[in-house]
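Chemist:
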């Protein structure tokens, strides 16, 4: 199959960093070759990698974690993966999944992608655990709620339209019913379109441009960062996902001046440019000092501590979804932090530990949920998700 | 000011009923005349009527009801309306509202509209209550939760993008803080775009085409149905809004066959056409009988009982938003039912009573919240919301 489907998947995001890209508005032209089914808008279900990974955050997404029912074994998990594979192919093409009770809710112009993951406990059933895949240790600043943490399976459905997301999730949850029950659901949204319609990085609910420091999709650096190459054979072309639910205290954040906010981040609120630069994607100057001899990007600034040069050059591919959670009339605002990397222990954990120890943003953020998943590689027509692990 | 801004607001929706409309994709070209501030996409804040009424359901919306703080009087309400008017004008134009602490979250391509309403209790402070504006009586099938019911003030913010909705709501709630506190929040979504990108009526989470039987925006019948003309002077050009939170039991609904579902509705699931017709907007033949002599559109079919010919010709302008509400891993699905009419008691209440008594859909739906609001007419540059009531 070669890398072609995945290159096409990448195109949308690669274009996001270039002004006036041909994919403005997110419409991606897909060819009919390579067995990829063509949809009006979005990415097909097939490829070397699962869809929804090497791509910008979708406008809407829902993540559902499941716990396996007692007694479900490797063969049972394989049956579920075959069912889900059928659903995923249909839904990605705007068709009703087999057994769909509301088939008209499947429509084809919403760039729907479904991504599936396995929590650490799955590998007690299957063996061949990807390296570095363990529940994260509890950090000093964490206030984890079990209700938002862990899980044996994950589905992450993204689309331009929440009706389509809700409908797809309902189908996938229904098919999982004999095998697994939902443990948590997280719903988020992201706007990667600027005021003049061009694609942009997007902002979290603090108003920060969020996700600037990522490797560029399609580059060798991205591939090395994200895709597993030295784990078990079945996992080649897979990746891992860290899901952290981070509550943002907008009220205390808003008590800061804008320059205090910018100092905590190390970037300008207006453009996302580093405090040492002029444009969003300018490289950080971590040595620069102001007239008084103080570091322009402070020792504890988030942009410094999360920069790969502080992490032995190891990177992650960092995305997010905004969320709001209402308890009656009271609203909580936050970020569903998502990080892809080939190896969580090697790439993500040192970064997390450093941020937990010193990040200025810790004063206004609290992580209340945490989960890790291995995302199998993609599948091709005639094959199914994680087939090489489960047969 | 004449009716021109409102005609322009209507254009988007009027186009929705015509195939191949020039507004496909929802981009509405606005002129610079009439003092309407121009936004890249959407409707301006000014007009004879408030925006967000004579329009299709937005892709995303949030409704927040407030209770007035003790001691807030007519003058205080006027101060809040002046504050909100300033916010609404800025937000509709993609600008930061005064005092916005995250001004970059205000962007201009998201068709953001804000609509404001007053609950019945407000008129104990102001007098000049619109006719027919009273809390609805509790229906036999209602299972009302006070947490989703009532309220002194309403804001309804709609846009193409939930980040923009959340940001606008945060601003409006913050400005209300000295005067009123949130009583409930309801978040919903709607997809009025078909698979080939054309505008369509949209579907609820049962999969039904929902909202077909409305008067056409821009027609005299629409105007008579929606806009108040014989109430108090200040309310001329205003309307009322009924908000009903309706839980849908998808599980038991899905146990029906498709033909049982269609018989309960009286319309085809595929197209929304009446069971006596071929196309969505075909008129219902309420007398048609099948070969066995049975009514094709059953006595208790929703489409029959909600048809205006059964309601002494009185109509409503009916919209909806889908919602999902998660309690941990458990999901509730439903519809935020929205109905505009000049007079609730005269137009809506008889319809509600008839549906409560006999609607086949009652078996799979439960109303859990209910509220009514008077929506003041629109405002022009230099004036503010409900100024004629509050000065």
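Chains as they are written, first to last, in the UniProt record's numbering: chain H, 1 to 391; chain W, 1 to 391.
Here a beta-carbon is modelled for each residue, glycine too, at the ideal position from N, C-alpha and C.
These numbers come from a predicted model, not from an experiment.
Can you confirm whether residue 162 of chain W, when its beta carbon is compared against all beta carbons of chain H, has any partner nearer than 7 Å?
Modeler: yes
Chemist: Alpha carbon to alpha carbon, how far is residue 51 of chain W from residue 380 of chain H?
Modeler: 48 Å
Chemist: Expressed to the nearest angstrom, what Euclidean distance is found between the alpha-carbon atoms of residue 99 of chain H and residue 60 of chain H?
Modeler: Take the alpha-carbon of residue 99 of chain H and the one of residue 60 of chain H: they are about 24 Å apart.
Chemist: From residue 54 of chain H to residue 263 of chain H, what distance separates their C-alpha atoms?
Modeler: 30 Å
Chemist: Any idea if residue 319 of chain W is buried or exposed, counting beta-carbon neighbours within 10 angstroms, 16 or more meaning buried?
Modeler: buried
Chemist: Counting only C-beta atoms, is residue 35 of chain W closer than 7 Å to chain H at any point?
Modeler: The predicted position of residue 35 of chain W is uncertain, since its pLDDT is 34 and thus under 50; a value taken from the coordinates is nonetheless stated next. For residue 35 of chain W, the answer is no, since every Cβ of chain H falls outside 7 Å of its Cβ.
Chemist: With DSSP collapsed to three states, give me the class of residue 65 of chain H.
Modeler: strand
Chemist: On the three-pair Cβ rule with 8 Å, is the stretch 114-123 of chain H touching the stretch 59-78 of chain H?
Modeler: yes
Chemist: Report the residues of the stretch 97-112 of chain H with a CB closer than 7 Å to any CB of chain W, ordered along the chain.
Modeler: 101, 102, 104, 105, 107, 108, 109
Chemist: Can you find the residues in the same chain that come closer than 7 Å, C-beta to C-beta, to residue 308 of chain W, ignoring five residues on each side of it along the sequence?
Modeler: 314, 315
Chemist: Applying the 10 Å Cβ sphere with the 16-neighbour rule, what's the burial state of residue 342 of chain W?
Modeler: buried
Chemist: Which class does residue 338 of chain H belong to by DSSP, given the choice of helix, strand or coil?
Modeler: Secondary structure at residue 338 of chain H: strand, using DSSP grouped into helix, strand and coil.
Chemist: Determine the DSSP secondary structure at residue 303 of chain W, reduced to helix, strand or coil.
Modeler: helix
Chemist: Residue 269 of chain H versus chain W: which residues are under 9 Å apart at the beta carbon?
Modeler: Those are 102, 103, 104, listed as they occur along chain W.
Chemist: Assign residue 274 of chain H to buried or exposed, taking buried as 16 or more other Cβ atoms, counted over all protein chains shown, within 10 Å of its Cβ.
Modeler: buried
Chemist: From the DSSP output, in three-state form, read off residue 111 of chain H for me.
Modeler: Three-state DSSP puts residue 111 of chain H in coil, outside helix and strand.
Chemist: Apply the 10 Å Cβ neighbour rule to residue 111 of chain W and answer buried if 16 or more other Cβ atoms are within range, or exposed otherwise.
Modeler: buried
Chemist: Take residue 361 of chain W and list the residues in its own chain whose beta-carbon comes closer than 6 Å to its own, dropping the five residues that flank it on each side.
Modeler: 264, 302
Chemist: Express the C-alpha separation of residue 293 of chain H and residue 172 of chain W in angstroms, rounding to a whole number.
Modeler: 42 Å
Chemist: Mind checking who residue 373 of chain H pairs with in its DSSP beta bridge?
Modeler: H/241
Chemist: Thinking just about the alpha-carbon of each residue, which of W/366, W/205, W/149 is nearest to the one in residue 243 of chain W?
Modeler: Relative to residue 243 of chain W, the option among W/366, W/205, W/149 whose CA is nearest is W/149.
Chemist: Are the beta-carbon atoms of residue 132 of chain H and residue 357 of chain H separated by less than 7 Å?
Modeler: No; because the gap between Cβ atoms is not below 7 Å, this pair is not in contact.
Chemist: Output yes or no for whether 7 Å exceeds the beta carbon distance between residue 162 of chain W and residue 189 of chain H.
Modeler: In terms of Cβ geometry, residue 162 of chain W and residue 189 of chain H form a close pair [threshold 7 Å].
Chemist: If you measure from the beta carbon of residue 189 of chain W to each beta carbon in chain H, is any gap under 7 Å?
Modeler: yes
Chemist: Which chain W residues sit within Cβ distance under 8 Å of residue 206 of chain H?
Modeler: 102
Chemist: If I follow the unbroken alpha helix (DSSP H) through residue 138 of chain W, where does it start and stop?
Modeler: Run containing residue 138 of chain W: none; DSSP gives neither H nor E here.
Chemist: Which of the three DSSP states, helix, strand or coil, is assigned to residue 233 of chain W?
Modeler: Helix.
Chemist: Are the beta-carbon atoms belonging to residue 183 of chain H and residue 151 of chain H less than 7 Å from one another?
Modeler: The answer is yes: Cβ separation under 7 Å.
Chemist: Do you know how far the Cα of residue 245 of chain W is from the Cα of residue 365 of chain W?
Modeler: 10 Å
Chemist: Identify which residue in H/376, H/101, H/390 has its Cα closest to the Cα of residue 47 of chain H.
Modeler: H/376
Chemist: Helix, strand or coil: how does DSSP classify residue 381 of chain H here?
Modeler: coil
Chemist: Residues of chain W with CB under 8 Å from residue 326 of chain H, in chain order?
Modeler: Within chain W, the residues near residue 326 of chain H are 185, 187.
Chemist: Any idea what DSSP makes of residue 387 of chain W, helix, strand or coil?
Modeler: helix
Chemist: Give the DSSP bridge partners of residue 122 of chain W, in chain order.
Modeler: Residue 122 of chain W is not bridged to any residue.
Chemist: Straight-line CA distance for residue 33 of chain H to residue 378 of chain W?
Modeler: With a pLDDT of only 32 at residue 33 of chain H, under 50, the local geometry of the prediction cannot be trusted, and the value read off the model is given with reservation. About 54 Å.
Chemist: Can you confirm whether residue 166 of chain H, when its beta carbon is compared against all beta carbons of chain W, has any partner nearer than 7 Å?
Modeler: Contact with chain W is found for residue 166 of chain H, since one of that chain's Cβ atoms lies less than 7 Å from the residue's Cβ.
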